[in-house]
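If you count the sequence shown from 1, you need to add 83 to reach our numbering. Glycine is no exception: its CB is placed at the ideal position from the N, C-alpha and C atoms. Please read these numbers as outputs of a predicted model, since none were measured by experiment.
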Amino acid sequence: MMIGICSLKVIMYEAQSLKAKRQILKSLIERIKSRFNVSIAEIGNQDKWQIGEIGFCCVTNSRKHADEMIHHVINFIEKDGRLDITECEVEIL
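In structure tokens form, the structure reads like this:
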């Protein structure tokens, strides 16, 4: 069993309040949940209105598949024009 873990720090230039930030992140998280088979949540910087931290993971039977899944989700997030990824940490266990 292989577990792929990714932690992303993102910045949202359009967000002018915590409410706007949460709307953007909630929308993105729900779209990822419905499209990819991963567990995902906001994991940090919850009190800052332009910076967010998202964590997600997948469980699979091969390292290659875990790596592919993580990169597909990262590419999906990068294509979303509402935020930019500032840091990315990937770990496969």
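Query - Sequence-distant residues of the same chain with beta carbon closer than 6 Å to Ile153, five excluded per side - result: Gly87, Cys89 and Val173
Query - Assigned secondary structure, Asp150 (DSSP; H/G/I helix, E/B strand, else coil) - result: helix
Query raised in the report: In chain order, what residues of the same chain have a beta carbon less than 7 Å from the beta carbon of Lys116, not counting five sequence neighbours either side?
Result: Ile123
Query - Opening and closing residue of the alpha helix (DSSP H) in which Ser90 lies - result: Not the alpha helix (DSSP H): Ser90 falls in the beta strand (DSSP E), residues Met85 to Ile94.
Query raised in the report: So what's Phe119 in DSSP terms, helix, strand or just coil?
Result: coil
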